[in-house]
Amino acid sequence: MTTDNQNELVVHAINTLTEKMSIVLLQEFLKLPKELQINLALIKSAQLLLANILCQVAVSQEELMKLIDEQDGEIKELTTNCAFTAFAKKFQVKKH
């Protein structure tokens with residue numbers, strides 16, 4: 098088996114697991130009281146907005162890394178993901 102075939106199998110397995118977990122998480126989320134659902138959605142929206150703002154205001158990758166290091170767990174992860182996706186070109190992030 099070639100490396101490309103192995104990579105495709107791994108990607109397929111990850112995508113399958115992600116899809117199945119997403120379905121389960123959505124089912125569990127929908128069981129929560131409506132008020133809690135709204136609060137969770139608002140919190141996540143605010144976190145994503147903050148991550149996006151941090152990526153927007155950072156002038157350089159060095160400055161972004163400093164901003165990321167000053168954040169706590171989830172915001173740190175969201176900002177890093179934001180930098181590697183939507184802002185990859187700005188920060189010259191190399192994707193594998």
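For the sequence shown, the residue numbers in our numbering are 98 to 193. Quick reminder that beta carbons are idealized off the backbone N, C-alpha and C, glycines included. None of these values were measured; they are calculated from a predicted model.
For E116, the three-state secondary structure derived from DSSP is helix. Less than 8 Å divides the Cβ of T176 from the Cβ of L151. For T182, the secondary structure class from DSSP, reduced to helix, strand or coil, is coil. Around the Cβ of F126, a 10 Å sphere holds fewer than 16 other Cβ atoms; the residue is exposed.
Annotated three-state conformation of D101 is helix, per DSSP.
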